[in-house]
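Beneath this line is the structure, given in structure tokens, with notes to follow.
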Amino acid sequence: MSHKYQTSPQPSRAQSPTSSVGGSTTVPLSFRTGSPLPTPVAYRHDCMTAAAKRYKYLRRLLKFRQMDFEFAAWQMVYLFISPQKVYRNFQYRKQTKAQFARDDPAFVVLLCFWLCVTSVGFGVVLQLSVGSFLRFLVYTVLVDTLAAGVIVATALWALTNHYLVKPTCRDQDVEWGYAFDVHLNAYFPPLIILHFFQLFFYHVFIRQDWFVSVLFGNLLWVFAIGYYIYITFLGYSALPILRQPRVFLYALPLLLVFLAITLLFRINLCGMLMDFYHYRVL
839 MSHKYQTSPQ PSRAQSPTSS VGGSTTVPLS FRTGSPLPTP VAYRHDCMTA AAKRYKYLRR
899 LLKFRQMDFE FAAWQMVYLF ISPQKVYRNF QYRKQTKAQF ARDDPAFVVL LCFWLCVTSV
959 GFGVVLQLSV GSFLRFLVYT VLVDTLAAGV IVATALWALT NHYLVKPTCR DQDVEWGYAF
1019 DVHLNAYFPP LIILHFFQLF FYHVFIRQDW FVSVLFGNLL WVFAIGYYIY ITFLGYSALP
1079 ILRQPRVFLY ALPLLLVFLA ITLLFRINLC GMLMDFYHYR VL
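Adding 838 to a residue's 1-based position in the sequence shown gives its number in the working numbering.
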């Protein structure tokens, strides 16, 4: 009989107490506590390591038929209208697969698709040549999204594990893959706001040297950053091992100060973004 990789990691670093039924050892009680669902069939004590899970996740990037694009698209829609439902699904995954992080790369693939679509829009607005557009696309996907996402996710992963884990849960930690998923979830609405919605108004309105134009463009930025902060807060507040995840919301009042400063000095944030993108690929 061939052995398949298992996708269920250990629920904690410490060995959890087990229960026995009819002489056979069942799933650790720490895994079953609070879950009305039956034990996953794929659950095993000798589950995959983090490196093995990363390898399997990356390998699935080439297997499009195994990806659930319909569900990934549902998540993208609900990140706008009801992000709480998206993180409720992450909690279901923890109950059924013993991990919060996604094991299906469909969301990343769809996100890259939207990056390609919005990059075409930027190419048209900025009147980029074919070569400049390709450089812009590479920067947007590999640097602005994936590389920056890895840095931000790693920073939040380290900070939450060091400062926010409850004293009674020190034998558990935040999964790095989940921190990366939270970043991607929070990144998608700003992407649509600043890389898609903004393009329809840039030439006819936002780029004008009017106060109302600067106000409208900067409000888009404040709304996008606020959305990122709020969805990040929801992501970490979904983890029962963390205490006071509302610290993420403390940055929201600073956005009002930031908006006031940009309006006082007539700084057009959307114009600065366009100039940055334009001169970076020249």
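Where a beta carbon is used, it is the ideal one built from N, C-alpha and C, also for glycine.
*Buried or exposed: residue 940, going by 16 or more other Cβ atoms within 10 Å of its Cβ?*
Within the sequence shown, numbered from 1, the residue matching residue 940 stands at position 102. So residue 940 counts as buried.
*Evaluate residue 1117 with the Cβ neighbour count: other Cβ atoms within 10 Å of its Cβ, from every protein chain shown; 16 or more gives buried, anything less gives exposed.*
In the sequence shown, counting from the first residue as 1, residue 1117 sits at position 279. Classification of residue 1117: exposed, given that the 10 Å Cβ count is below 16.
_Residues that residue 1080 bridges to, as DSSP identifies them_ = On the sequence shown, position 242 is the one that residue 1080 refers to. According to DSSP, which records beta bridges pairwise, residue 1080 is partnered with 1003.
*So what's residue 1047 in DSSP terms, helix, strand or just coil?*
The residue labelled residue 1047 in the question sits at position 209 within the sequence shown. Correct three-state label for residue 1047: coil.
*Distance, Cα to Cα, residue 1055 vs residue 1104?*
Reading the sequence shown from its first residue, position 217 is the one you call residue 1055. Reading the sequence shown from its first residue, position 266 is the one you call residue 1104. Those two C-alpha atoms are separated by around 11 Å.
*Roughly how many angstroms separate the alpha carbons of residue 928 and residue 938, rounded to a whole number?*
On the sequence shown, position 90 is the one that residue 928 refers to. On the sequence shown, position 100 is the one that residue 938 refers to. Whole-angstrom Cα-Cα distance: 5 Å.
*Where in the region 907-944 do unbroken runs of the alpha helix (DSSP H), each at least 4 residues long, occur, reported from the N-terminal end onward?*
907-919, 921-935
*Out of curiosity, what's the CA-to-CA distance linking residue 922 and residue 1072?*
The count along the sequence shown starts at 1 and reaches residue 922 at position 84. The count along the sequence shown starts at 1 and reaches residue 1072 at position 234. Straight-line Cα distance between these residues: approximately 7 Å.
*DSSP three-state assignment for residue 905, whether helix, strand or coil*: In the sequence shown, residue 905 corresponds to position 67, counting from 1. Coil, per DSSP.
_Checking 8 Å against the spacing of the C-beta atoms, do residue 1012 and residue 1087 come in under that value?_
Locating residue 1012 in the sequence shown gives position 174, counting from the first residue. Locating residue 1087 in the sequence shown gives position 249, counting from the first residue. No.
*asked:* On the DSSP letters alone, give me the boundaries of the alpha helix (DSSP H) that residue 1101 sits inside.
replied: Within the sequence shown, residue 1101 is the residue found at index 263, counting from 1. Residue range 1090-1102 is occupied by the alpha helix (DSSP H) that includes residue 1101.
*From residue 881 to residue 924, what distance separates their C-alpha atoms?*
Your numbering for residue 881 matches position 43 in the sequence shown. Your numbering for residue 924 matches position 86 in the sequence shown. For residue 881, the predicted model reports a pLDDT of 43, less than 50, meaning its position is unreliable; a value from the coordinates is still stated below. Residue 881 and residue 924: Cα-Cα distance of roughly 23 Å.
*Output yes or no for whether 8 Å exceeds the beta carbon distance between residue 946 and residue 1022.*
Start at 1 with the first residue of the sequence shown, and residue 946 comes out as number 108. Start at 1 with the first residue of the sequence shown, and residue 1022 comes out as number 184. Yes, the Cβ-Cβ distance between residue 946 and residue 1022 is below 8 Å.
*Would you kindly work out how many angstroms separate the C-alpha atoms of residue 1108 and residue 936, rounded to a whole number?*
Here residue 1108 refers to the residue found at position 270 when the sequence shown is read from its first residue. Here residue 936 refers to the residue found at position 98 when the sequence shown is read from its first residue. The alpha-carbon of residue 1108 is positioned some 42 Å away from that of residue 936.
*Which residues in the same chain have their Cβ closer than 6 Å to the Cβ of residue 1066, if we skip the five residues on either side of it in sequence?*
Taking the first residue of the sequence shown as 1, we reach residue 1066 at position 228. 1024, 1028.
*Determine the burial state of residue 919: buried for a count of at least 16 other Cβ atoms within 10 Å of its Cβ, exposed for fewer.*
Sequence index remark: in the sequence shown, residue 919 carries index 81 (1-based). Answer is exposed; the Cβ neighbour count stays below 16.
*Would you mind working out which of 985, 957, 987, 990 sits nearest residue 974, comparing C-alpha positions?*
Your numbering for residue 974 matches position 136 in the sequence shown. Residue 974 has its Cα closest to that of 957, out of 985, 957, 987, 990.
*Is residue 942 near residue 982, with beta carbons less than 8 Å apart?*
For the purposes of this step, residue 942 is taken as the residue at position 104 of the sequence shown. For the purposes of this step, residue 982 is taken as the residue at position 144 of the sequence shown. Against a cut-off of 8 Å, the Cβ pair of residue 982 and residue 942 comes out as no contact.
*When the distance is taken between beta carbons, is residue 1033 closer than 8 Å to residue 960?*
Locating residue 960 in the sequence shown gives position 122, counting from the first residue. Locating residue 1033 in the sequence shown gives position 195, counting from the first residue. Yes, they are a contact pair.
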